[in-house]
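Heads up, the thing below is written out as structure tokens.
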Amino acid sequence: MIRLGLCFFFFVVFSCFAAEQTRLPLNDYFAETWNTRSGLPHNSINSVVQTNDGYVWIATWEGLARFNGREFKLFTRTEITGLPDSGLRSLAPQADGGLYIVGARGGSVIYIKGNGMPSQMRLRW
4 MIRLGLCFFF
14 FVVFSCFAAE
24 QTRLPLNDYF
34 AETWNTRSGL
44 PHNSINSVVQ
54 TNDGYVWIAT
64 WEGLARFNGR
74 EFKLFTRTEI
84 TGLPDSGLRS
94 LAPQADGGLY
104 IVGARGGSVI
114 YIKGNGMPSQ
124 MRLRW
């Protein structure tokens, strides 16, 4: 019984110690602002999501932007004819790596994980 009590005691002590070690002070974090100077198509952001491949996707009033951690790749209606609208309202990542894209005036598209070409877009109404 004493052994069980000691095991429980050490478990609690080490768990508390490990939890304290994983907390970082606020000055270890940083804030970054993205805008058109950074490469976004518009300064108003309507939705931000991250897909399971690590890309951050941003829906704006002037198109879709994909951020890889260093730079933005823009997807607008001129590059992808399947987008429902230039203004995008919402994004939703899917478990299979796809991305639902909803236009500001209705209509939705699913981006199928692939090489990023327009043929990888499929309309869903």
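Residue numbers 4 to 128, in our numbering, belong to the letters of the sequence shown in order. Virtual Cβ for every residue (Gly too), placed ideally from N, Cα, C. Here the structure is a predicted model, which means the values were calculated and not measured.
| message | For GLY66, which residues in the same chain have their Cβ closer than 8 Å to its Cβ, ignoring the five residues on either side in sequence? | response | Counted from its first residue, the sequence shown places residue 66 at position 63. Within its own chain, the residues whose Cβ lies closer than 8 Å to the Cβ of GLY66, once the five positions on either side in sequence are excluded, are PRO44, HIS45, LEU77, PHE78, THR79, ARG80, LEU86, SER89, LEU91, listed in chain order.
| query | Helix or strand or just coil, what does DSSP make of ASN49? | reply | Mapped onto the sequence shown, residue 49 falls at position 46. The answer is strand: DSSP assigns ASN49 an E or B state.
| task | Measure the alpha-carbon distance for ASN38 versus SER47 and round it to whole angstroms. | result | If you number the sequence shown from 1, residue 38 lands on position 35. If you number the sequence shown from 1, residue 47 lands on position 44. Computed Cα separation, rounded: 8 Å.
| query | Of all the options PRO28, SER50, LEU27, ARG73, which has the alpha carbon lying nearest to the alpha carbon of VAL105? | reply | Numbered from its first residue, the sequence shown carries residue 105 at position 102. Nearest C-alpha to VAL105: SER50.
| Span of the beta strand (DSSP E), counted from its first residue to its last, around PRO96 | For the purposes of this step, residue 96 is taken as residue 93 along the sequence shown, with counting starting at 1. Judged by DSSP secondary structure, PRO96 falls within the beta strand (DSSP E) whose first and last residues are 91-96.
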